[in-house]
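What follows is a set of notes on a single structure, which appears directly below.
4 protein chains.
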Amino acid sequence: MYSFRNDYSEGAHPNILESLLRTNTEQTLGYGEDAYTQKAQTLIKQHIGREDVVVHFLVGGTQTNLTAISAFLRPHEAAIAASSGHIAVHETGAIEATGHKVITVETEDGKLTVAHIASVLKAHTDEHMVKPKLVYISDSTEVGTIYYKEELQAIYEYCKAHHLLVMIDGARLGSALMAIDNDVTLNDLANFSDAFYIGGTKNGALLGEALVIVNDNLKEDFRYHIKQKGGLLAKGRIISLGYIELFKERLFFDIAQHANNMAMLLLEGISEAGYSTLTKSTTNQVFPIFPKEVVKKLRENFDFSDWEEVDEQNMAIRLVTSWATPKEAVQEFCMELKKIK
Amino acid sequence: MYSFRNDYSEGAHPNILESLLRTNTEQTLGYGEDAYTQKAQTLIKQHIGREDVVVHFLVGGTQTNLTAISAFLRPHEAAIAASSGHIAVHETGAIEATGHKVITVETEDGKLTVAHIASVLKAHTDEHMVKPKLVYISDSTEVGTIYYKEELQAIYEYCKAHHLLVMIDGARLGSALMAIDNDVTLNDLANFSDAFYIGGTKNGALLGEALVIVNDNLKEDFRYHIKQKGGLLAKGRIISLGYIELFKERLFFDIAQHANNMAMLLLEGISEAGYSTLTKSTTNQVFPIFPKEVVKKLRENFDFSDWEEVDEQNMAIRLVTSWATPKEAVQEFCMELKKIK
Amino acid sequence: MYSFRNDYSEGAHPNILESLLRTNTEQTLGYGEDAYTQKAQTLIKQHIGREDVVVHFLVGGTQTNLTAISAFLRPHEAAIAASSGHIAVHETGAIEATGHKVITVETEDGKLTVAHIASVLKAHTDEHMVKPKLVYISDSTEVGTIYYKEELQAIYEYCKAHHLLVMIDGARLGSALMAIDNDVTLNDLANFSDAFYIGGTKNGALLGEALVIVNDNLKEDFRYHIKQKGGLLAKGRIISLGYIELFKERLFFDIAQHANNMAMLLLEGISEAGYSTLTKSTTNQVFPIFPKEVVKKLRENFDFSDWEEVDEQNMAIRLVTSWATPKEAVQEFCMELKKIK
Amino acid sequence: MYSFRNDYSEGAHPNILESLLRTNTEQTLGYGEDAYTQKAQTLIKQHIGREDVVVHFLVGGTQTNLTAISAFLRPHEAAIAASSGHIAVHETGAIEATGHKVITVETEDGKLTVAHIASVLKAHTDEHMVKPKLVYISDSTEVGTIYYKEELQAIYEYCKAHHLLVMIDGARLGSALMAIDNDVTLNDLANFSDAFYIGGTKNGALLGEALVIVNDNLKEDFRYHIKQKGGLLAKGRIISLGYIELFKERLFFDIAQHANNMAMLLLEGISEAGYSTLTKSTTNQVFPIFPKEVVKKLRENFDFSDWEEVDEQNMAIRLVTSWATPKEAVQEFCMELKKIK
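Chains as they are written, first to last, in the numbering used here: chain H, 1 to 341; chain F, 1001 to 1341; chain C, 2001 to 2341; chain L, 3001 to 3341.
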C-alpha cells in the first residue's frame, strides 16, 4: 500500500545517508561548532546570495518556530498568523507555551495579506491588549498555495513601516520555490523577511531546518535560545551534512521539483477523473474533493489523510508527494481513481 | 590529533547507520507512530523487565529534561539537583524557562543523598517559597561517579515518604551500568524512580534519548508535551532504529563497556605516570590533575576540555572515552604522558 | 462632567472606608492570615450556602484569571472562551504569558453554549493540538448579558461528562445576580462551576476579587500560586475588610441592584429617545447605538467609551453605571439625549 | 500582645486614609491614568531631582520584581542576587515562573559586591549556561544592612562596563535612606541604577510600590507588562493618593525615621541586657540572639518571627519596627528583656 500521507514517510535522500557513512568515524566538535556545519552555512549563504545573514540548524519545524519567535519577541508582544498557520493549529500551543499569543486571521487560501495585518493592528490599540509584533507566514502554506514576490514585498514594506517583524516558515519552502507559478528566490526571501527557514525534514533530509536570520537585531545570542529550548543537537553535523548534500549543487531544488511534478501529475489525474480540489495548490500537497465512497475505495490501496468534510456526501483529502514518490505510485492512484468512477 | 573532548565526536555505531540504509525507502507513519518505534519500545521494556512502563524517544538530553520536568511539575513546584547537575549548570536555564526553580545543593562527588534532600525540605516551609517536588539525579554523574543500589533505594523511599518524584538523567547511563563497581540494573532504575532515561547520543546512537516513565500519574498525555516543546521528530524512526540496534541484543551495554575500559586504561596510565584525579570516576569520564605545562604539552597531540583550575600550578582536565575510542589512541596518550614527565 | 466610563471611577462604598478607619491601628497577621480575612471567608461561604468551598482574596480580575487558570491547567491544556471574553481580549495576553492558549469562539451575545464547546472539542483531536480543558465564562458578560440557570447547568454537565473544568469570571457578578431576568444564586454558581469569583473592584470595594474554589482537586497549594504571581497582598485585610462590609448583610447585592436600576433607567431614556442598543443587557453596562453627531454632542457633558462603529453614520457606545451613580446624572443624560434629538 | 512581626501589621498612616476619604466620591480615570497618579509621579520625580525618569505604581513587592525583571530580560538572561535576596528565597519562584534563572551568591551581610558579580560572570562563559544580565540588590537588605554610596557607585560602574543592568528592590528603602550611617539619596539611586523602587507597603502606605525606571531602554511599553502580570490596579488612585501624602512634604522620610528610631531603641535595650545581634542592622529590622528560654518567655507578651537557630542553646529572632510602633511597646519589650535576664 502506497502512502501519500506526508513528505516524511521515508528516510533521507541516499546522497545524505552516503555522506553520513563516509564521514562517520571522523571526530568533530559538538553542538554545531564543527567544520561541516560551517561549510553548510557557507553553501546556504551562497545560494541566498548574501554574506550578512546568519544560518542556524535546528531539529524540526515546531522547534524552529518556538525558538525563533520566543527569541524575537518581548513578553507582551504577539505573533499574527493565518488561522490555518502551523503555529496556530498544529504545534500544541508551542508559541503560547513560551508566553506569546498567536493572533489569528481567517483567510481564503492560507495566505496573509497586508489588509489582514492592518486589521489586526487596528484592533490592538493599547496596553490592555497584546502588542502585535511579528507576522508569521508559511511558504508554501499549509494548504499548498504560495506567496508571490509582490505579495512578500508588500507585506515586508508594510511591516517595516509599522515596526513589525516578518518570519517565514519554510518547512515546505523547496516546494514553494519550484512551483510552476513561483517568482520568488532565496534572495528575495532574505530581502523581504527578518528571518526564514529552509526546511530539510520535508524535502529529503534525515532531519533539520536551516534558520536564516537576516535582521541584525535578531542575531545576538541566538545560540543561547537554541540551547535553552533543547534544540542544540550534540552531533550537529548530522543535520549539516544533509544540508551540504542538498546545497553543494542543486539537489534541494531538484528533489522539490520532483515532488511538485508528482503532485501536478496527481492533479491532472484528479481533473481528468472529473473532480475538483479544495485549494489551488501548485506545490506538493493537493486537496481533492471526492465522494465519501470514493475515498473509502481509494483507502483500500492508498494511505492519505482526511482533510475536511466538505458536505454530507463529499470529503476533501490531502495527498502529499515527496522527493521519494515514484511516478508509478501516482499513475496507479490516477488509474484507480478513474476505475472507481 | 585525537580528541578526548566528548563521547559524541563521531557519527553513530556502524550497525545503526547500516540499519538506516537498509530501511531507508520503506514508508512509515511519522511522529513515532511507526512499527520501528513500537519495536524499540518493546525491546527496551524487555531489557527493563517491566511491561507497565512507557517509553518515549526524544531528540536530546536537555530537551528530555525540560519536557519531562515541566510536564511533571505544577507551576509552584521546584526540582532539587546537585549544584553540578546538568539542569543546574549546562542547560541555559531550560528548566527555569519552563517556569520552575532548580534548587541546588553542594555535593562532594556530584551525588545527592537523602540528607541533602532532607535539608532542602527543611528550608522550604511555606507558600512564600517554592515547593520542592522532584529530585533530579544523574547516573553516571557529571563528574563520572555512579549511584549504588542502596543509595537509589534510600533516595526513592525517602522521596515516596515525602511526596517527591525521582527523575534520573541517564545521558550517560550505559557507562554507569557497566562501571566496575556498579550494582544497579535497568530493572532497579524502574523500581527506584518515577522516570529515567537511557541516553543514546552519548553511547553510539546518531541521536536520541529513551525516556522511561514508570509512575502511572506521569504518563497521561505525555506526547502533547513532547510535541509542544518541539521534540516530536517527524521521522521518529531515525531514533528508534538506533535503539533497536542497541537493544535487540546487548550492543548498548557492550559499547558502554568498551568506553569504560578505555577510561580505565587512561586512569591506569595517569596513575602510573604519578598523577591523581579530581574525582573517583569508574565511568567514561576521567578528570586527571596535571601541572599546567603538562596540559599544554598534551594539547599538542590531543584535544580535551579544561575542567577546573586546581591551584596556580595545576589544572584538572576532562578526558572522555566512547564506543569509538581506539585502544591505540589511549595508549598513545599514556605514552605521551610518561614522556612529558 | 459626569462619567459613565466605568464602574471603578470612584473610591469605595463609604462603609468600607469607615471600616478601614475603625480598624486601622489594630495589628494583624499579614498575607491574608488574619482574623478579618477568616471572617470574610466565612461570610461568603454562608452566602453561598456551602461549607466545603475555599475562598481566596486577590487584588484584581486579570490577576485572578491568570493565577487560577495557570494553577488549574497542565502545560498542554488550553482555555475555551468567547472571542469577546476578557481573557481573550483585554488582559494583554496574561493567560498566554503563563503558557496556555485561549481558544476563542465567536458568539452572538458574549455567551458560550454547549454547542460552542462541543465544536472546540471536535476540532482538537490529537497531541499536535492543545488539549481544551477549561471553559471560561463571564457572568455578567463583557456585553452586559447574563447566563441563566439552565444554561449554566447544561454547560457544567457537559463539561463534567467531557473532563472539562468550568471557571466563571465574576468581575461583574453582582450585577448579573441582581439582573431582572436572573434566576441564578451564589449557591447555583458553586454547584455549576469548579471555581468562580465574586468581583469587588467593580461593585463598591476599594479593590479585590473573592475567588471561590469548589472542585477539591483544585484547592491544594493554591496560596503558592497567589504568591508566585504577585497577588498575595501583605496587608490582606484591606481586601477582606471590604468583603466583610459587602457580605455581613446584603450590601453587595443592594448596591449592585442600584447600579442595575440606573442602567435600566438609562435604557428607558434611550428607548424613549428612539434609539436601540447593540446587545440585550439587563446589567450595569448598556450599549446604545447613536448617530455619530449625537455621540459628539453627548461627549460635551458626559464621559463614556466608544465601543464599536456600527456603520458609517452610527456608533455604539458603552455606558456603565455603578453603586455610586446618582439618579440625577442618569436623568440629565436622558434629558440631554432627548434634547439633542 | 504587641507584635514586632513585621512592618505591615497595621493599616495605613492616618493622612493616607484621610486622603482616600476626602476624594472618595470624585470620579477619575482608571488604571493609573488619573490626575492623582500624575501628581504622585511628579512629586516623586521632584524628590529624586530628575525629570527624565518614569514612575509606575504597582501593588506589591513580588509583583514589582517579577514584572520589572521579566520586562527587562530576554529569555536566556538571568538575574544575580544575594542568596538571602527576596527574589531568591521568598517569592515562590516568581522570577523563574517568568522564565528566568536567579543566580545566587553567598554573602556575609546580605550585600552583593563587585567581586561577587565578577565571580558570576567568570563562571558563565558560553551559550550552554544562562547569560547573567541583571544585578538585583535590596536596600535595605533582608538582614537590615544598607548599601553605601561608594558601594552602589562601584556596582553600577562595573555593571555598565559589563553590560549588566542594576535593579534595586526598595521595599524597605525608606528605612535605608534614614539609617544613621546612610549617605545615599534618592538622586544617587537614580544615578546608580537602571531601575529601583520606593516601597510604600512597608512604610505607611495602604499598599503599593513606586517603580522608578531610569534607563531609557527599559521604559518602552512598560504598562503592557504591568497589565499582563495582573498589576494594573483599576482604581489606580488608591496607591497614588498614598504616595501624594508620603511625598507632598516629607512624611515618607519622617515615618521611616521613626521606625529606625524605634529599632535603635530596641538595639540599645538588647545591648544593655547583654545580648548581641546576628547582623549589624541600622534599619528597622533587628536580629537579636537570645537563649531559647528567653525567646520562649518573650513570646508570652510579644509576637515576632524566629529567624535562625544559631546553636543548640540560642536562637536569632527578627524584630521589625514601623511608622506605627509606639515607643511604649519598645520600652516594655526592653524592660521585659531585662527582667527575664
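By construction, the Cβ of each residue, glycine as well, lies at the ideal position given by its N, Cα and C atoms.
Which chain C residues are close to residue i, counting only those with a beta carbon under 7 Å from its beta carbon?
{"i": "H163/H", "result": "By Cβ distance, chain C contributes nothing, its closest Cβ being about 18 Å from H163/H, past 7 Å."}
{"i": "E309/H", "result": "Under the 7 Å cutoff, chain C gives no residues; its nearest Cβ is about 11 Å from E309/H."}
In chain order, what residues of the same chain have a beta carbon less than 8 Å from the beta carbon of residue i, not counting five sequence neighbours either side?
{"i": "L278/H", "result": "V143, F287, P288, I289, W307, E308, V310, A316"}
{"i": "S2019/C", "result": "L2241, G2242, I2244, E2245"}
{"i": "E1051/F", "result": "K1045"}
{"i": "K111/H", "result": "A82, I137, T141, T145, Y147, E151"}
{"i": "D3109/L", "result": "T3141, V3143, T3145, T3279, K3280"}
Can you pull the chain F residues whose beta carbon is under 7 Å from the beta carbon of residue i, in chain order?
{"i": "H2076/C", "result": "D1221, Y1224, H1225, Q1228"}
{"i": "G60/H", "result": "G1230, L1233, A1234"}
Please work out which residues of its chain come closer than 7 Å, Cβ to Cβ, to residue i, disregarding the five sequence neighbours upstream and downstream, and give them in chain order.
{"i": "V2053/C", "result": "K2045, A2190, V2212, I2213, V2214"}
{"i": "K1202/F", "result": "D1007, Y1008, A1171, R1172"}
{"i": "K2248/C", "result": "L2043"}
{"i": "V2059/C", "result": "L2207, G2208, G2231, L2233"}
Would you mind giving the Cβ-Cβ distance between residue i and residue j, rounded to the nearest angstrom? I have them listed as a contact below 8 Å.
{"i": "G2174/C", "j": "A2256/C", "result": "3 Å"}
{"i": "Y158/H", "j": "I95/H", "result": "Actually they do not touch by this definition, with Cβ atoms about 22 Å apart."}
{"i": "V2120/C", "j": "I2103/C", "result": "6 Å"}
In chain H, which residues lie less than 9 Å from residue i when you measure between Cβ atoms?
{"i": "D3071/L", "result": "For clarity, residue 3071/L is Ala in the given sequence; the question names Asp instead. Within 9 Å Cβ-Cβ: R74, P75, H76."}
{"i": "E2127/C", "result": "T92"}
To which residues of the same chain is residue i closer than 6 Å at the C-beta, ignoring the five residues directly before and after it?
{"i": "F1252/F", "result": "G1174, L1246"}
{"i": "I2198/C", "result": "G2170, L2173, A2210"}
{"i": "A1123/F", "result": "none"}
{"i": "F2196/C", "result": "I2168, G2170, L2189, V2212"}
{"i": "Y2319/C", "result": "For clarity, residue 2319/C is Leu in the given sequence; the question names Tyr instead. Excluding residues within five positions, the ones whose Cβ falls inside 6 Å are F2004, L2266, V2286, F2304."}
{"i": "T3107/L", "result": "A3082"}
Grab the span of the alpha helix (DSSP H) containing residue i for me, first residue to last.
{"i": "M1262/F", "result": "1251–1272"}
{"i": "D2188/C", "result": "2186–2191"}
{"i": "M167/H", "result": "No alpha helix (DSSP H) contains M167/H, which is instead part of the beta strand (DSSP E) from 165–169."}
{"i": "H1225/F", "result": "1222–1228"}
{"i": "H2086/C", "result": "2086–2089"}
{"i": "T1104/F", "result": "It is not in any alpha helix (DSSP H) - T1104/F instead sits in the beta strand (DSSP E) that spans 1102–1105."}
{"i": "L2241/C", "result": "2237–2248"}
Name the two residues that bound the continuous beta strand (DSSP E) containing residue i.
{"i": "P2132/C", "result": "2131–2138"}
{"i": "M3315/L", "result": "3314–3320"}
{"i": "E3127/L", "result": "Here E3127/L belongs to no beta strand (DSSP E), and DSSP marks it neither H nor E."}
{"i": "Y3197/L", "result": "3195–3199"}
{"i": "S2276/C", "result": "First-last for S2276/C: undefined, no H or E at that position."}
{"i": "E1209/F", "result": "1209–1213"}
{"i": "I2289/C", "result": "2289–2291"}
Verify the contact flag: residue i, CB atom, against every heavy atom of the ligand NAD, threshold strictly below 8 Å.
{"i": "W2323/C", "result": "Within the structure as shown, the ligand NAD is missing, as the structure has no ligands at all."}
Under 7 Å, CB to CB, which of the residues in the segment 211–236 of chain H have a partner in chain F?
Y224, K227, Q228, K229, G230, G231, L233, A234, K235
Please name the residues in the segment 2130–2148 of chain C whose beta-carbon is closer than 9 Å to at least one beta-carbon of chain H, in chain order.
V2130, K2131
Can you give me, in chain order, the residues of the segment 1083–1112 of chain F that have a beta carbon less than 7 Å from any beta carbon in chain L?
V1089, H1090, T1092, G1093, E1096, A1097, G1099, H1100, K1101
Return the residues of the segment 2289–2304 of chain C that lie within a Cβ-Cβ distance of less than 7 Å from chain L, sorted by chain order.
none
Contact residues within the segment 10–30 of chain H, judged by C-beta distance below 9 Å to chain L:
none
Chain-ordered residues of the segment 2192–2207 of chain C with a beta carbon less than 7 Å from chain L:
T2201, L2206, L2207
Residues, ordered as in the chain, of the segment 237–249 of chain H that lie near chain F by beta-carbon distance below 7 Å
I238
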